[in-house]
Structure formats: C-alpha cells, structure tokens
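Chains as they are written, first to last, in UniProt numbering: chain A, 1 to 369; chain G, 1 to 530; chain E, 1 to 76.
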C-alpha cells in the first residue's frame with residue numbers, strides 16, 4: 001500500500017482540528033459535568049496541557065521514520081508478524097470508532113433533528129456519503145475540509161458569542177469544589193474522546209508535504225485552537241445550564257443553543273450547532289473509516305484501498321446498528337471501556353512503538369557498523 | 001448476455017466514401033471529369049476553362065463553389081490577370097517549365113495563395129471557398145483564397161449582455177473572431193493555431209493562447225485532447241466541449257463558453273487557452289474554474305466595491321436558487337418549530353385547502369416553471385406575450401385561487417426562478433436547475449439533515465473535479481491566499497497584481513501600479529482649505 | 001425486506017467488482033469479493049435476528065481486567 005496522495009501541512013492541520021472537535025463539542029460537556037461538576041472547565045483546561053504532551057509524542061514518532069506510515073512503522077519496529085498484530089488492533093480500534101461515531105450521528109439526528117426516522121436509514125445515508133468521499137480519495141477530502149472549515153468554526157463561534165449574555169458565573173463556583181482526582185479523571189475522559197484517537201491521523205503523516213518545524217508549530221496551534229473551542233463550549237454549557245442540567249442531557253450543547261434568544265429571527269440557533277456538528281463529525285468518521293481501510297489493505301498487501309471500500313462500508317453500517325443498544329449503554333461504555341481502551345491505543349501503544357523503533361534503529365546501526 | 005456497456009461501445013468507423021489521397025492527374029480534362037463525378041454534378045460548383053497566353057497553348061481552368069467565393073476577386077485578380085494583363089505584359093508562357101513558375105511568381109495578383117498536388121487537398125480547397133486554378137499538363141495546382149460569403153456582422157452578444165463595457169460579440173466566422181481578439185491584444189505572443197476537425201465538416205478549430213503566460217502543459221494537453229477527436233462532424237463548440245472535458249458525468253461545466261471577446265481576452269491574459277470553432281459565436285475557454293462562472297466581465301468595468309457587492313449577491317442567488325424549494329419543503333414538513341409562530345400560522349392557514357403534501361406541491365410548481373421556461377425559449381417570437389399571460393395569470397394567480405397550490409409556494413418558485421437568472425453564465429444556471437430537484441427529494445425524505453447531506457455530496461463532487469488538471473474549486477480548495485482577491489471580492493485593479501496561481505505558474509506578475517493617491521501638492525492644498 | 005437487502009448488496013457488488021476486475025486488480029478484487037460475502041452474511045444475520053448482542057461487550061471483557069490490573073498496581 002503506497003501513500004501516493006499528497007496533502008499539505010495546512011490541510012493536515014485543519015483535518016486534525018476538525019478531528020479533535022468532532023464528537024467532543026457535543027458529547028464531552030455532559031460527561032465532564034457528571035464527573036467534575038462545576039469544576040468541569042478546569043478539567044477541560046487541564047486536558048489541553050496533557051493533550052499537547054501527547055501530540056508532541058505523536059509528532060516525534062512521525063518524525064522518527066518520516067517516510068513510513070504508522071502501519072509500516074509497526075512492521076519496521078516489531079517485525080512482520082508482531083507488527084501486523086499491532087496493525088490489526090489499530091484497525092479494529094478504528095472500526096469500533098467508526099461504528100460508534102456513525103451510531104452517534106444516527107442517534108443525534110433521530111433524537112434532535114428528525115424524530116420517527118429509522119436509525120438504519122440515517123446510518124445508510126451518512127455512510128453512503130462517507131464511502132463516496134473515501135472512493136474519491138484523501139486529496140478530495142482535505143479540499144472539502146478547506147471549504148467547510150471556516151463555516152464550522154464560524155457557526156460554533158456564533159453559538160459561543162450569542163451564549164455569552166445568558167452566562168451565569170455563579171454556576172462555575174465554587175472554584176475548587178471537587179477533589180483533584182475527579183477533575184483529573186474528567187480531563188482524561190476528555191482526552192480519550194478528543195486527543196488519543198489522533199494517533200490514527202498520524203497514519204497519514206508521511207503523505208504530508210514538508211512537515212518541518214514550522215509545520216509542527218502550525219499543527220500544535222491547530223490543536224490548541226480545537227481544545228480551546230472545546231473548553232469554551234464546556235464553560236458556556238455549564239455556566240448557562242448549570243452542571244446538573246448539563247450532565248442530565250446527552251447533547252447539552254444542543255439544548256444550550258435552543259435557549260439562545262438573541263434576535264427574534266435567530267431564535268432557533270440549535271440548527272446551527274447541528275449543522276456544524278454533523279459537518280465536523282463527517283470528517284471524524286471519514287478518518288476512522290479511511291484509516292481502517294488503509295490498515296486492511298496493508299494487512300492483506302493490497303495495492304490500493306479502494307476495492308474494499310464499499311463492502312467495508314456495509315459492514316460498518318451493520319456494526320453501527322448493533323454497537324450500542326441505547327444511549328445509556330453508550331454513556332456507560334464510553335466511561336468504563338473507551339477511556340482505558342483509548343489510553344492503551346493513544347498512550348501505551350505509541351510509547352511501545354517509540355521504544356521498539358528506537359531499539360530497532362540502534363540494532364541496525366550496530367549491525368551495519 | 002446483455003451488457004449495459006454495449007450501448008456505448010463504438011462500432012468501427014465507416015470508411016467508405018473517403019477520398020483517397022492520391023496525386024493530381026496531369027490532364028486537365030480528366031481532372032475536371034473526376035471532380036464532377038465526385039461532387040455529383042452539384043450545381044453550385046463552377047468550372048471555368050480558359051486559355052492564358054497568345055497562342056492558346058496553355059489551357060487552364062478555375063473551379064470554385066458559388067456562394068462561398070467573392071466573385072469580384074475572381075474576376076479582377078484571377079481572370080483579368082490571366083486573360084488580359086498577361087498579354088499586355090508580354091510574358092513568355094510558351095515553354096512548359098517556366099510558365100508555371102512565371103504564373104506563380106509574376107502573374108497572379110491575389111493576396112493569399114497556396115500550391116498543392118493531391119486530390120484530397122483539391123476538394124478541401126474547393127469546398128472551403130478557395131478558387132482552384134488547374135493548369136493542363138501539370139500535376140500541381142494553385143488555390144487562391146477568395147473566401148467571401150454572406151455573414152452576420154459583429155453584433156451585441158445575445159446571451160450575455162452588459163450595461164457597461166464593450167458591446168461586440170463573436171460571430172459565426174472564425175476569421176472575424178480571431179480578428180476581434182487581435183484587436184484587443186496586440187501582442188506578438190498571442191499565438192493562434194488552426195486545425196481542421198471533423199472528417200466531413202472539416203471545421204476549423206483554432207487554439208489561441210499567449211505564449212509565455214499560458215502554462216505550456218495546459219496548452220499541450222489541449223492539443224492532445226483535440227488530436228484525439230475522431231468524429232465526422234463538428235457543428236458547434238458544444239461538440240468540442242463534450243469531447244475534451246475532464247469528466248462527462250457531472251452537472252457542472254468544466255469548460256467555459258462565451259460570446260464576448262472581452263471575456264476571452266481577459267481569460268487569455270490570465271493564462272487560459274481559448275478554443276475558437278468556425279461556425280459558432282461561442283468560444284471555449286479552458287481551464288474553467290467554479291468561481292469563473294460567478295464573475296461577469298462587467299465586474300471589472302464597474303467600481304470595485306460595487307462589483308464585490310454584486311458578486312456576493314450572485315453567490316447568495318446561487319444558493320437561493322439551489323436551496324429555496326428544498327428548504328421550504330424541509331421546514332414545512334419536518335421542522336415547523338423552526339418557523340416563527342406568526343409566520344407558521346399564516347403558512348398553515350394558506351396550506352389548509354391545498355390537497356398535496358409540500359413536496360408534491362413544490363415539484364408540480366417547479367416542473368411547471370421549467371416547462372414554461374423551455375416554452376419561452378423555443379416558441380416563435382410572435383406568441384411570446386401569450387406565454388407570459390398563461391404563465392403569470394393562469395398558472396400563478398388562478399392556481400392559488402383554485403386552492404391547488406399555496407401562495408407561499410408561488411413566492412418560493414418565483415424566488416428560485418429569479419435567482420437562477422442572476423448567474424452570469426447560463427451553464428451554471430442549468431446545473432443548479434437540475435440539482436434543485438435532487439435537493440427537493442432529499443429534503444422531503446430527511447428534512448434539513450437531507451439538505452446538509454446533499455450539500456456535502458455536492459462539495460465532495462466539486463472538489464473532486466478538475467479542469468485540465470486544475471482543481472475546480474481552486475483557489476478556495478486548495479486554499480490559495482494570494483488568489484482570494486478575485487473570488488468573493490474584487491480588488492481594485494491596482495490590487496489585482498498577480499495572475500491566478502494554478503492556471504499559470506511561470507508568469508505570475510501582472511502589473512505594478514501603485515494605488516492612486518493624490519499628489520503631495522493636492523494634498524497640501526486640501527489641508528490648507530480645511 | 002430481506003430480499004431487497006440481498007438484491008441491493010448483490011447489485012452494488014456486481015457493479016463494483018466488475019469495475020475492479022476490469023482494471024486488472026485481480027488480488028484486490030478477490031479480497032473485495034470476500035468482504036462482500038462477509039458483509040452480505042452479516043447483514044442477513046442482522047436482519048434475521050432481532051436482538052444481536054453488541055461486539056463491544058467482548059472489548060469490555062478484554063479491556064476490563066487490564067484496567068483493573070493497572071489500577072491495582074497504581075494503588076500499590
């Protein structure tokens with residue numbers, strides 16, 4: 001599997017920003033409020049620093065073998081069969097990610113936008129455009145990102161700005177009302193949704209043109225921007241709704257947008273957030289799906305990923321329909337299993353890969369010398 | 001087994017009736033006989049045998065097509081020269097070797113002349129309006145350019161009008177069209193090359209570009225694609241467009257066409273390549289980008305701020321004509337809670353008596369309007385007023401009064417229609433008209449979510465398109481900051497100092513004019529007055 | 001419904017596979033065919049059985065002991 005499609009640093013950064021925002025904007029405020037209560041915003045800001053460290057780790061790995069993608073790096077570091085095992089785990093992880101995200105889209109749409117529509121219909125429709133986009137290739141997708149990115153950010157900014165009048169600072173007090181362990185737990189939860197899955201994006205890293213030091217800086221800036229957006233959405237959700245209500249709703253941001261009454265004409269702003277969220281989740285789902293396809297073609301030694309796109313799309317639709325029995329299960333699973341799972345994939349695995357790759361390089365050098 | 005693809009499979013091209021490319025016969029009589037036989041004794045072909053020289057030893061003949069030639073030219077510069085002047089001048093034409101040379105170099109007083117020696121050339125010249133001079137005993141002949149037929153003069157273009165700016169339009173004659181371009185660009189680097197395409201029509205197709213500005217790769221690609229065309233007829237540039245476009249199955253045009261020489265000249269100066277086709281006033285311009293279909297030539301003649309405003313209105317109109325009916329369907333069917341209460345009340349009271357769901361209502365009205373529009377274009381001019389009465393009164397007012405459609409729907413359809421006329425380019429308006437129905441179906445099944453899905457599909461499709469290798473949505477995707485000055489906005493001319501990036505990569509700088517400022521003295525005077 | 005599902009998948013597969021094989025991607029085509037068979041079987045299975053247990057339970061079974069182990073080590 002060759003990575004012959006090229007994207008530039010800016011496109012990669014935009015993709016990374018959207019991938020970080022993705023589901024987080026809509027889902028994390030609720031869980032953060034459940035875990036850290038009124039200190040949720042502290043948890044969100046803490047996760048920015050943790051996330052930066054993690055991202056630096058990923059970038060470092062990316063620079064170790066700049067011409068190999070993550071899957072090829074696996075085989076380089078651990079040998080053919082162990083490497084393939086790691087690749088398989090990543091593929092399964094991204095397939096789970098893809099189907100949970102697809103389920104989330106479907107659930108959100110039938111709960112909030114068009115009730116009384118079968119989940120399967122939404123999933124099939126949404127997956128169809130994902131498959132279409134995947135068939136067109138990553139170059140087309142990143143260009144689409146460039147078109148949609150300003151709109152997504154603009155719409156989210158509108159929400160943030162228009163919510164400011166209804167904010168109530170008292171909802172954020174007391175400042176340190178929660179034990180530090182709870183806050184840390186909440187911030188790890190936030191990272192598990194927004195940051196740890198970013199490791200998948202680094203499969204694409206070899207196709208990024210000139211990922212030099214300037215590129216690294218812009219990637220970090222993009223990430224900071226995304227985290228800042230998540231943080232401000234969390235702060236606003238909690239200060240507008242209060243942590244009790246925020247933790248009560250599955251999609252608190254949407255409820256918050258419903259409450260905005262700024263100008264008479266604009267009194268149904270929740271559509272705005274629905275649009276921006278569906279757009280950004282489109283790219284998140286695409287990444288999960290695309291990475292799993294690349295992994296599969298790497299595992300099977302295919303020349304291109306396109307031949308397996310449609311059947312895998314059908315499988316993902318099927319998975320999405322059964323992956324969560326209901327949203328209560330989803331919330332529980334996200335807390336109890338997704339967090340450790342994404343830590344394993346997003347923190348433990350990169351460190352193991354880093355060590356493996358380093359040892360391999362040293363062995364090679366000695367062998368040659 | 002039946003295969004769908006067999007519908008599109010090419011049959012081997014029928015090769016009969018082709019004129020073999022053999023050499024001319026030396027005998028004059030035989031040649032004329034052959035021509036008569038091949039052309040089926042067609043009445044409009046004129047044969048004029050005569051003798052030039054005193055003793056009548058040199059028998060010659062003219063062959064030309066009546067109606068395609070300027071007879072005055074033939075009489076004054078060919079017949080008079082060969083039959084009268086030559087005798088006065090006492091030119092020696094007796095010896096066979098030098099008479100041919102003498103004729104060619106000293107006698108014929110026509111401006112453009114060529115020499116040929118094959119049969120297929122003979123027919124090409126006769127049928128394209130040249131006069132062929134055959135000389136007995138020679139296996140060669142002359143062709144004198146005597147083209148001159150009734151043609152439409154340069155008029156104001158009918159498909160793209162403007163308030164300010166040049167009012168000349170291309171005509172059906174390729175020579176006139178190239179002349180119009182030359183008149184605008186007096187640059188030795190404006191290169192125009194012509195080739196004949198179409199085995200039967202032998203249509204002249206010219207490729208024009210400015211050497212040094214146009215990307216050589218694109219020019220080469222244009223030639224490559226034109227060379228690949230193997231067809232028997234080219235009757236309009238639309239034929240060429242379909243043969244050379246990047247992708248067939250797309251509602252969006254990837255080749256620009258226009259009747260206006262100023263647009264073509266501006267395109268050439270940006271580094272694009274123009275393709276002129278004989279017999280049509282529509283000239284093609286490649287590569288064509290999405291944004292190009294929203295730029296009218298007038299944008300550059302009006303003030304920059306006004307042009308920017310109008311351009312933003314155009315983009316708004318694009319989305320209005322694309323999405324208004326589908327948004328109406330989605331809102332009234334799925335998202336009534338999003339409509340302000342007062343409006344909802346009046347809407348639902350209007351829709352009370354209407355027997356159809358919103359989608360069917362919208363579909364009926366939109367289809368009716370499309371039929372009206374098509375009728376308006378194709379009908380004889382004389383019945384125009386009848387159509388407008390039927391359209392406005394019967395289908396609009398009466399349908400509402402009869403309770404078949406709600407008046408809100410009529411407003412929606414009118415808004416859509418008017419918005420679709422805003423587009424400065426007819427092609428883009430057509431694609432929007434088609435896509436609108438897709439969006440209506442999506443809105444009827446999935447509401448606003450469906451519309452959003454439709455938009456994502458549309459943008460995905462648009463970003464995947466290319467026009468002669470240039471991404472269709474550039475400079476928005478891939479985003480090129482330098483080129484944003486002529487996309488949504490139109491910078492003043494002194495600000496448009498560089499040419500679009502992806503179209504030409506070798507010669508980017510356009511100009512170096514400073515922004516106009518009052519000179520220092522004026523400024524001082526101003527401050528004194530204040 | 002089941003019939004419609006099978007027909008749809010088969011038609012999609014037919015069009016997709018024929019284009020893959022036409023481009024001489026033989027190995028890819030066979031793997032694609034394999035995935036189509038899996039997808040078809042999977043969707044028939046989903047359509048026949050009303051309640052299918054989520055595969056995530058399996059993930060939980062694997063991940064949980066690891067988490068517990070790590071947590072107990074951390075507490076030590």
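Using N, Cα and C, we set each Cβ at its ideal position, and we do this for glycine too.
Given the structure is predicted, the values throughout are model-derived calculations rather than measurements.
Neighbour-count burial assignment, residue i, 16 or more Cβ in a 10 Å radius
i              : result
residue 355(A) : exposed
residue 267(G) : buried
residue 284(A) : buried
residue 1(G)   : Residue placement at residue 1(G) cannot be trusted, given a pLDDT of 42 that sits under 50; the coordinates are not used to answer.
residue 120(G) : exposed
residue 115(G) : exposed
residue 101(A) : buried
residue 408(G) : buried
residue 279(A) : buried
residue 73(A)  : buried
residue 262(G) : buried
residue 254(A) : buried
residue 216(G) : exposed
Residue i vs residue j beta-carbon contact at 8 Å
i              : j              : result
residue 236(A) : residue 167(A) : yes
residue 148(G) : residue 205(G) : no
residue 416(G) : residue 287(G) : no
residue 136(G) : residue 203(G) : no
residue 276(G) : residue 177(G) : yes
residue 199(A) : residue 346(A) : yes
residue 468(G) : residue 227(G) : no
residue 338(G) : residue 331(G) : yes
residue 169(G) : residue 188(G) : no
residue 403(G) : residue 454(G) : no
residue 405(G) : residue 398(G) : no
Collapsed DSSP secondary structure at residue i in the structure displayed
i              : result
residue 102(G) : helix
residue 52(E)  : coil
residue 431(G) : helix
residue 195(A) : coil
residue 58(G)  : strand
residue 248(A) : helix
residue 130(G) : strand
residue 64(G)  : strand
residue 304(A) : coil
residue 148(A) : helix
residue 509(G) : strand
residue 26(G)  : coil
residue 182(G) : helix
residue 282(G) : coil
Test: residue i CB closer than 8 Å to a CB of chain G
i              : result
residue 17(A)  : no
residue 20(A)  : no
residue 132(A) : yes
residue 148(A) : yes
Test: residue i CB closer than 8 Å to a CB of chain A
i              : result
residue 66(E)  : yes
residue 479(G) : yes
residue 316(G) : no
residue 341(G) : no
residue 74(E)  : no
residue 325(G) : no
residue 3(E)   : no
residue 517(G) : no
Per DSSP, cross-strand counterpart(s) of residue i
i              : result
residue 113(G) : 144(G)
residue 501(G) : Residue 501(G) pairs with nothing; no bridge assigned.
residue 466(G) : 471(G)
8 Å Cβ cutoff, residue i in contact with chain E
i             : result
residue 41(A) : no
Any non-hydrogen atom of the ligand GDP within 7 Å of residue i CB
i              : result
residue 346(G) : Of the ligands one can find in the structure shown there are none, so the ligand GDP has no counterpart to examine.
Where residue i meets chain D, residues with beta-carbon distance less than 7 Å
i              : result
residue 312(A) : The chain inventory of the structure shown lacks chain D, comprising the protein chains A, G and E.
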